[in-house]
Amino acid sequence: MLVTHPSIPAKTVKELIENAKANPGKLSYASGNTSGVVAGATLAHWAEIDLLHVPYKSAPQAIQDLLAGRVSMMFNDFTTSIPHVRAKTLNALAVTRIKRSSLFPELPTMDEAGVEGFDMDSWAGIFAPANTPQPIVTQLNTELRKIIDSPETKQKLRSAGFEAFSSSPKELDDFVKAQLAKWGRMVKDPGIQPE
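The sequence shown runs 2 to 196 under this note's numbering.
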């Protein structure tokens, strides 16, 4: 989700963009991981705004400076953002995925907020080594789906800030291919270079 320090006079993504356009280079975004780098650079490029990127070695360092008001905003995961949003020490403006989150259904997506096509979602998958025999892949998938789809697992993951879902190996393969294409565009469009 996109979170801002309460001192930033913007309650929506549109207001944030307007503020950035009126004050070029005055707003900053922290990043403590690759997702934060790509999300911030994509927002700046797609919204045609000048944001100062402040990179950190890790997300905890970045969020500490955001809480202290040393940076303006950050794209951060739900797990560490939710307590600060609920405590009103950070403002949540939008979620980065293309569909609203069931964890924060009241928050618009970046796409709904006017940054058309913005779709960035953190995810995890379970992979087997190449050439694993198909019967083993099938058995692992069957058992893992039972675990992931169980109400207990879903609730435990939800309480930690994750929405759990399972898929078939083919669905995961298709998903990964689509993610690679999407992330490639989000890296290429703003001209992000390897560091």
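Ideal placement from N, C-alpha and C gives every residue a C-beta, glycine not left out. Being a predicted model, the structure only gives us computed values, none of them experimental.
Here the segment 118 to 127 makes contact with the segment 85 to 104; the two share three or more CB pairs at distances below 8 Å. When secondary structure is reduced to three states using DSSP, H46 falls in the helix class.
It is roughly 31 Å from the alpha-carbon of P84 to the alpha-carbon of A23.
DSSP links M121 through a beta bridge to no other residue.
Collapsing the DSSP output to three states places S160 in a helix. About 6 Å separates the CB atoms of G26 and L53; that is less than 8 Å, so the two are in contact.
Within a 10 Å sphere around the beta-carbon of N77 sit 16 or more other beta-carbons, which makes this residue buried. Here S168 carries a coil assignment [DSSP, helix/strand/coil].
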